[in-house]
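> Just passing along the structure, written as structure tokens.
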Amino acid sequence: MNFSDIFKNSFLEKATTFSAVDMIIALGLSFLLGAFILTVYRKTYRGVMYSQSFGVSLMALTMITSLVILAVTSNVILSLGMVGALSIVRFRTAIKEPMDIAFLFWAIAGGIVLGAGLIPLAIFGSVFIGLILLIFISRKPNEVPYILVLSCIDDEAENRAMTAVNARTNRQIIKSKSVTAGNGIELTVEVRLKNNSTELVNEVAALAGIRNVVLVSYNGDFQG
42 MNFSDIFKNS FLEKATTFSA VDMIIALGLS FLLGAFILTV YRKTYRGVMY
92 SQSFGVSLMA LTMITSLVIL AVTSNVILSL GMVGALSIVR FRTAIKEPMD
142 IAFLFWAIAG GIVLGAGLIP LAIFGSVFIG LILLIFISRK PNEVPYILVL
192 SCIDDEAENR AMTAVNARTN RQIIKSKSVT AGNGIELTVE VRLKNNSTEL
242 VNEVAALAGI RNVVLVSYNG DFQG
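Just so we're aligned, residue 42 is where the sequence shown starts under the numbering used here, counting upward by one.
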């Protein structure tokens with residue numbers, strides 16, 4: 042047996058058993074599914090800076106995963122080698138938005154299901170996931186969270202400020218409190234304003250013993 046016989050037995054005969062129609066259908070559907078995932082990602086993104094490259098990578102990841110599953114299902118020996126080769130791949134990019142991880146898994150899962158030939162599951166499952174994300178992420182909260190930063194000269198000024206805060210807000214939580222000798226007290230308070238009125242800033246700033254008042258809108262995540 043020469044090299045040409047080995048080449049024919051190991052590659053050409055197995056390549057003929059692979060259906061080009063299945064490949065075209067799977068890649069075409071994975072492209073459409075990736076485009077749908079990208080559209081949902083754009084409409085539900087709530088971060089500071091949208092990354093176009095990450096959005097496009099979701100679509101590419103769906104197609105690549107589908108291509109890999111097609112190759113794995115066509116040859117058992119190839120699947121074992123591919124598992125070993127892909128085991129060295131590491132994703133080292135930091136994910137700042139938790140929802141980005143969900144979209145990554147969605148793109149990978151969609152490619153796997155399409156590559157396995159479970160087309161109805163991939164289509165209806167992705168449509169259902171997309172609708173759930175659009176409904177829950179796009180829904181605006183009833184109360185917008187704010188961070189109130191107070192600078193007081195002493196405990197009495199702090200008590201007056203917190204009394205005014207309690208009267209003007211539906212809920213308030215002290216996130217941090219720092220006391221510096223000679224510089225007074227600085228408070229960081231998470232508040233939910235009544236009727237989203239920002240008159241609280243002027244009211245607290247007019248109190249005796251208050252050096253500075255800052256009200257900042259934020260997304261609900263806080264690191265002290």
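Heads up, the beta-carbon is just placed ideally off N, CA and C, and yes, glycines get one too.
Since the model is a prediction, treat every value here as computed from it, not as a measurement.
Check whether the segment 148-168 and the segment 102-110 touch, using three or more Cβ-Cβ pairs below 8 Å as the test.
Short answer: they touch.
> Would you kindly report the start and end of the unbroken beta strand (DSSP E) that includes asparagine 207?
On the sequence shown, position 166 is the one that residue 207 refers to. That residue, asparagine 207, is in no beta strand (DSSP E); its alpha helix (DSSP H) goes 196-209.
> Go through its chain and collect everything with a Cβ distance to valine 185's Cβ below 8 Å, but skip five positions before and after it.
Here residue 185 corresponds to residue number 144 of the sequence shown, with the count starting at 1. Contacts found: Arg233, Leu234, Asn237 and Ser258.
> Output yes if chain C places a C-beta closer than 8 Å to the C-beta of phenylalanine 146; else output no.
Given the protein chain composition of this structure (a single chain), no chain C is represented.
> Report all residues from its chain with a CB closer than 8 Å to the CB of alanine 61; omit the five preceding and five following residues, and keep chain order.
The count along the sequence shown starts at 1 and reaches residue 61 at position 20. Counting only Cβ-Cβ distances below 8 Å, and skipping sequence neighbours, we find nothing.
> Since lysine 307 and valine 230 are thought to touch, with beta carbons under 8 Å apart, how far apart are those beta carbons, to the nearest angstrom?
The structure shown does not extend to residue 307, since the chain spans only 42 to 265, so no value can be given for it.
> Where does leucine 108 sit, in a helix, a strand or coil, going by DSSP?
One-based indexing of the sequence shown puts residue 108 at position 67. Residue state, collapsed to three classes: helix.
> Return the first residue and the last residue of the beta strand (DSSP E) that tyrosine 91 is part of.
By one-based count along the sequence shown, residue 91 stands at place 50. Segment: none, tyrosine 91 is in no beta strand (DSSP E) and carries neither H nor E.
> So isoleucine 231 is in the beta strand (DSSP E); what residue range does that whole segment cover?
Taking the sequence shown and counting its residues from 1, one reaches residue 231 at position 190. A quick correction: the sequence has glutamate, not isoleucine, at residue 231. That run of the beta strand (DSSP E) goes 225-234.
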